[in-house]
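Read left to right, the sequence shown gives residues 0 to 494 (numbering that gives the first Met the number 0).
Take a look at the structure below.
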Amino acid sequence: MRSPISITLRSVATLVALAILCGCQAPAETNAPEPAPHPPETASGPLLVTGGTVIAMDPERTVIENGAVAIVGERIEAVGGAAELAARFPDARVLDARGRFVLPGLINVHTHVPMTLFRGLADDLELMTWLEEVIFPVEAAHVDEEFVRWGTRLACLEMIASGTTTFVDMYYFEGAIAEETARCGLRAVLGETLIDFPAPDNQTWEDAVAATETFLAEWKGHPLVSPAVAPHSAYTVSADHLLAARDLAAKHDVPLLIHLAEAEEETERVLELAGKRPVEYVDGLGVLDDRVLAAHMIWPDESEIGILAQRGVGVAHCPQSNMKIAAGIAPVPRLLAAGVAVGLGTDGAASNNDLDLWGEIDTAAKVHKVTTRDPTAVDAHQAMNMATLGGARAIDLDGEIGSLEVGKRADLIVIDATGAHQQPIYDVYSVLTYATGAADVETVIVNGKVLLENGEYQTLDPAPILAKAAEYRDRIRATRAAAGSTTAVLSSVGE
Ligand SMILES: [Zn+2]
0 MRSPISITLR
10 SVATLVALAI
20 LCGCQAPAET
30 NAPEPAPHPP
40 ETASGPLLVT
50 GGTVIAMDPE
60 RTVIENGAVA
70 IVGERIEAVG
80 GAAELAARFP
90 DARVLDARGR
100 FVLPGLINVH
110 THVPMTLFRG
120 LADDLELMTW
130 LEEVIFPVEA
140 AHVDEEFVRW
150 GTRLACLEMI
160 ASGTTTFVDM
170 YYFEGAIAEE
180 TARCGLRAVL
190 GETLIDFPAP
200 DNQTWEDAVA
210 ATETFLAEWK
220 GHPLVSPAVA
230 PHSAYTVSAD
240 HLLAARDLAA
250 KHDVPLLIHL
260 AEAEEETERV
270 LELAGKRPVE
280 YVDGLGVLDD
290 RVLAAHMIWP
300 DESEIGILAQ
310 RGVGVAHCPQ
320 SNMKIAAGIA
330 PVPRLLAAGV
340 AVGLGTDGAA
350 SNNDLDLWGE
360 IDTAAKVHKV
370 TTRDPTAVDA
380 HQAMNMATLG
390 GARAIDLDGE
400 IGSLEVGKRA
410 DLIVIDATGA
420 HQQPIYDVYS
430 VLTYATGAAD
440 VETVIVNGKV
450 LLENGEYQTL
460 DPAPILAKAA
470 EYRDRIRATR
480 AAAGSTTAVL
490 SSVGE
């Protein structure tokens with residue numbers, strides 16, 4: 000049995016460490032905001048994605064062989080048979096999807112996109128070793144607005160190529176993330192992290208709230224970017240500040256993003272501080288309602304699951320990240336059974352190494368079978384649903400995205416379904432969940448605009464972004480060498 004002292008020390012160390020996962024102790028460097036850019040222009044005439052198997056991911060589980068989706072402007076105008084829609088839209092630009100699956104774009108409900116520049120910096124370490132010896136020093140030395148912009152661009156390259164059309168982010172310099180996201184044409188819910196420590200872009204709570212107010216005012220109503228309020232967690236933000244964050248989200252009618260029930264030590268810490276478990280505690284403050292998206296949710300008990308369902312709180316399930324840092328496995332079958340909206344997140348690439356939702360879909364469909372010893376837990380359709388309509392429900396955007404339905408935003412992806420690894424095809428959800436990967440994504444459309452066509456980027460030039468990633472790698476490596484890092488340095492690859 001651990002002594003109370005060791006529990007407390009470990010709890011505090013781990014919780015502070017988790018707080019710092021999002022770069023909250025790097026130095027400040029403020030830059031004047033640029034005006035919000037307009038999204039890429041949408042195609043002028045109708046666009047017809049036709050001839051493929053349309054998998055709508057709607058509640059009726061509509062699948063149309065030799066189907067088509069007609070896009071007019073930013074929205075889906077029609078979903079039906081290829082011949083029928085060809086007759087209805089004779090002048091449309093045609094995108095041939097024969098031999099392909101046509102799906103709604105994937106939704107990543109929890110990430111920290113600038114941290115892509117820390118991908119693979121150090122893996123397989125104890126959390127405190129990883130943070131204190133690796134992440135802390137490099138964030139202090141490197142995270143500024145420029146870093147955030149290049150990290151976001153790198154993340155957007157990866158997300159577009161792997162079929163993610165919407166992502167939910169919590170980091171700093173979120174205005175810069177919004178600008179880069181809008182420029183490349185992806186959709187996002189973006190929350191400037193609020194935390195009771197000095198942050199890279201704001202040194203005080205008051206400054207962070209003022210910056211968030213400006214961010215919300217600037218981006219509210221943008222066709223691609225939904226601004227949000229993002230108090231970091233129940234253990235890094237005081238009760239008064241959690242209430243202030245709630246009031247700010249309510250005042251502007253925007254989502255509230257928070258890490259919650261993420262670590263076993265968090266439960267111990269909050270019990271110690273407030274005499275309540277984390278979900279009970281924030282609910283008792285009046286923070287939980289249907290605008291809240293809670294990331295991780297690994298440790299709720301039955302009564303807390305009931306609270307989440309009652310309040311309409313969405314959950315971001317990040318199975319691979321939770322596995323990699325040995326944090327535990329969220330009780331997703333019980334959350335779904337209680338009616339909680341659950342989406343899938345990759346978390347940041349510093350801790351989970353990629354932004355590939357296909358890996359999360361596959362993992363989500365398998366890991367709960369292990370923990371419950373029940374092979375029916377989270378079936379193939381449920382896993383795909385969490386990455387599409389379920390994820391949209393979790394962020395309250397299911398009226399706009401998440402399925403291919405008339406009137407929704409035209410966010411869709413075309414996937415090669417002819418690969419040997421996918422044959423033969425008995426069940427589309429089985430193929431998608433267990434046998435399809437990021438490399439099968441060919442074409443990506445967001446808000447009616449083609450961002451990737453047959454594997455070719457339409458809004459981003461990868462070369463300078465990849466070069467800059469290598470440049471940051473060299474700078475970060477030099478910082479670590481100067482600090483006398485004893486961790487092995489990898490040889491140069493992939494340049
Ligand atoms: Zn996170």
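Backbone N, C-alpha and C fix where the C-beta goes; we use that ideal spot for every residue, glycine too.
Remember, it's a predicted structure, so these values are computed and weren't measured experimentally.
Quiz item: CB-CB under 8 Å to Y280, same chain, minus the five flanking residues each way: which ones, in chain order?
Solution: Here the question's residue 280 lines up with position 281 in the sequence shown. Result list for Y280: A233, V269, A273, in chain order.
Quiz item: Does W298 have its Cβ less than 9 Å from a Cβ in chain D?
Solution: Given the protein chain composition of this structure (a single chain), no chain D is represented.
Quiz item: Does ligand 1 have a heavy atom nearer than 8 Å to the CB of H316?
Solution: The residue given as residue 316 occupies position 317 in the sequence shown. Checking every heavy atom of ligand 1 against the Cβ of H316, none is found closer than 8 Å.
Quiz item: Can you find a heavy atom of ligand 1 that lies under 8 Å from the Cβ of H509?
Solution: Only positions 0 to 494 of the chain appear in this structure, which leaves residue 509 out of reach.
Quiz item: In whole angstroms, what is the alpha-carbon distance linking T192 and P226?
Solution: By one-based count along the sequence shown, residue 192 stands at place 193. By one-based count along the sequence shown, residue 226 stands at place 227. The straight-line gap from Cα to Cα measures roughly 11 Å.
Quiz item: For A481, is the classification buried or exposed, using 16 other Cβ atoms within 10 angstroms of its Cβ as the cut-off for buried?
Solution: Counted from its first residue, the sequence shown places residue 481 at position 482. So A481 ends up on the exposed side.
Quiz item: Looking at the unbroken beta strand (DSSP E) that takes in G66, where does it start and where does it end?
Solution: On the sequence shown, residue 66 is found 67 positions in, with the first residue counted as 1. From DSSP, the beta strand (DSSP E) with G66 extends over 62 to 71.
Quiz prompt | DSSP state of E455 mapped onto helix, strand, coil | solution = In the sequence shown, residue 455 corresponds to position 456, counting from 1. Strand, per DSSP.
Practice problem: Take the Cβ of N352 as the centre, count every other Cβ of all protein chains shown within 10 Å, and call the residue buried at 16 or more, exposed below. | Solution: Translated into positions along the sequence shown, residue 352 becomes position 353. Classification of N352: buried, given that the 10 Å Cβ count is 16 or more.
Exercise. Kindly examine ligand 1 and report whether one of its heavy atoms sits closer than 8 Å to the Cβ of D353.
Key: Your numbering for residue 353 matches position 354 in the sequence shown. Result no, Cβ not under 8 Å from ligand 1.
Quiz prompt | Contact between the segment 299 to 319 and the segment 388 to 405 (3+ Cβ pairs under 8 Å) | solution = yes
Quiz prompt | Closest residue to F100 among E455, Y428, T165, R474 (Cα-Cα distance) | solution = By one-based count along the sequence shown, residue 100 stands at place 101. Nearest C-alpha to F100: Y428.
Practice problem: Would you mind reading off the limits of the alpha helix (DSSP H) that contains F100? | Solution: Your numbering for residue 100 matches position 101 in the sequence shown. Unbroken run through F100 is the beta strand (DSSP E), 99 to 103; no alpha helix (DSSP H).
Quiz item: Cα-Cα, which of D200, L403, R74, G342 is closest to V495?
Solution: Here the chain covers residues 0 to 494 and nothing more, so residue 495 does not appear.
Practice problem: Taking all protein chains shown into account, decide if V236 is buried (16 or more other Cβ within 10 angstroms of its Cβ) or exposed. | Solution: Position 237 of the sequence shown holds residue 236. Buried.
Quiz item: Taking the alpha-carbon positions, what's the P254 to G483 distance?
Solution: Translated into the one-based positions of the sequence shown, residue 254 becomes position 255. Translated into the one-based positions of the sequence shown, residue 483 becomes position 484. Going by the C-alpha atoms only, they are around 43 Å apart.
Quiz item: Whose C-beta lies closer than 6 Å to the C-beta of E132 among residues of the same chain, with five residues either side of it excluded?
Solution: The residue labelled residue 132 in the question sits at position 133 within the sequence shown. Within the same chain, E132 has no close Cβ partners at all.
Exercise. Put G174 into one of helix, strand or coil per three-state DSSP.
Key: Walking along the sequence shown from the start, residue 174 turns up at place 175. Reduced to three states, the DSSP call for G174 is helix.
Quiz item: For L403, does the three-state DSSP call read helix, strand or coil?
Solution: Mapped onto the sequence shown, residue 403 falls at position 404. In the structure shown, L403 sits in coil (DSSP, three-state: anything other than H, G, I, E or B).
Quiz item: Below 9 Å between beta carbons: does that hold for T163 and L105?
Solution: On the sequence shown, position 164 is the one that residue 163 refers to. On the sequence shown, position 106 is the one that residue 105 refers to. Contact: yes.
Exercise. Quick one: grab the DSSP three-state call for G389.
Key: The residue labelled residue 389 in the question sits at position 390 within the sequence shown. Three-state DSSP puts G389 in a helix.
Self-check item: C-beta atoms of T61 and L451 nearer than 9 Å
Solution: For the purposes of this step, residue 61 is identified with residue 62 of the sequence shown, where counting begins at 1. For the purposes of this step, residue 451 is identified with residue 452 of the sequence shown, where counting begins at 1. Not a contact, by the Cβ cut-off of 9 Å.
Exercise. Provide the residue(s) that pair with E191 in DSSP beta bridges, ordered along the chain.
Key: The sequence position of residue 191 within the sequence shown is 192, counting from 1. The partner list for E191 (beta bridge, DSSP) reads Y170, V228.
Exercise. Could you give the DSSP three-state label for I324: helix, strand or coil?
Key: Reading the sequence shown from its first residue, position 325 is the one you call residue 324. Looking at I324 - three-state DSSP - the assignment turns out to be coil, as it is neither helix nor strand.
Quiz item: Under the three-state reduction of DSSP, which class applies to I496: helix, strand or coil?
Solution: In the structure as shown, the chain begins at 0 and stops at 494. Residue 496 is therefore absent and cannot be evaluated.
Quiz item: So, using beta-carbon positions, are V167 and L247 closer together than 9 Å?
Solution: Within the sequence shown, the letter at position 168 stands for residue 167. Within the sequence shown, the letter at position 248 stands for residue 247. The answer is no: Cβ separation not under 9 Å.
Quiz item: In whole angstroms, what is the alpha-carbon distance linking T203 and Y171?
Solution: Along the sequence shown, read from residue 1 onward, the residue named residue 203 stands at position 204. Along the sequence shown, read from residue 1 onward, the residue named residue 171 stands at position 172. Between T203 and Y171, the C-alpha separation is close to 13 Å.
Exercise. Would you check whether ligand 1 has a heavy atom nearer than 8 Å to the C-beta of M169?
Key: By 1-based counting over the sequence shown, the position of residue 169 is 170. Yes, the Cβ of M169 comes within 8 Å of a heavy atom of ligand 1.
Quiz prompt | Contained alpha helix (DSSP H) runs [length at least 4] in the segment 227 to 291, N- to C-terminal order | solution = 238 to 251, 263 to 273, 277 to 284
Exercise. Reducing DSSP to helix, strand and coil, say where A55 ends up.
Key: Walking along the sequence shown from the start, residue 55 turns up at place 56. A55 falls in the coil class under three-state DSSP.
Quiz item: With respect to the beta strand (DSSP E) encompassing L94, which residues constitute its N-terminal and C-terminal limits?
Solution: Your numbering for residue 94 matches position 95 in the sequence shown. Unbroken beta strand (DSSP E) run through L94: 92 to 95.
Quiz prompt | Nearest residue (CA-CA) to I75, options I176, V108, D195, F88 | solution = Residue 75 sits at position 76 when you count from the first residue of the sequence shown. With distances taken between Cα atoms, I75 lies closest to F88.
Exercise. Assign G119 to one of two classes, buried (16 or more other C-beta atoms within 10 Å of its C-beta) or exposed (fewer than that).
Key: Position 120 of the sequence shown holds residue 119. G119 should be labelled exposed.
Quiz item: Is it buried or exposed for Y471, if we count other Cβ within 10 angstroms and need 16 for buried?
Solution: Taking the sequence shown and counting its residues from 1, one reaches residue 471 at position 472. By the 10 Å Cβ count, Y471 comes out buried.
Quiz item: Between N446 and G184, which are expected to be in contact by the criterion C-beta below 8 Å, what is the C-beta distance as a whole number of angstroms?
Solution: The residue labelled residue 446 in the question sits at position 447 within the sequence shown. The residue labelled residue 184 in the question sits at position 185 within the sequence shown. About 7 Å separates the two Cβ atoms, so the contact holds.
Quiz item: What is the DSSP secondary structure of L411, counted as helix, strand or coil?
Solution: Your numbering for residue 411 matches position 412 in the sequence shown. Correct three-state label for L411: strand.
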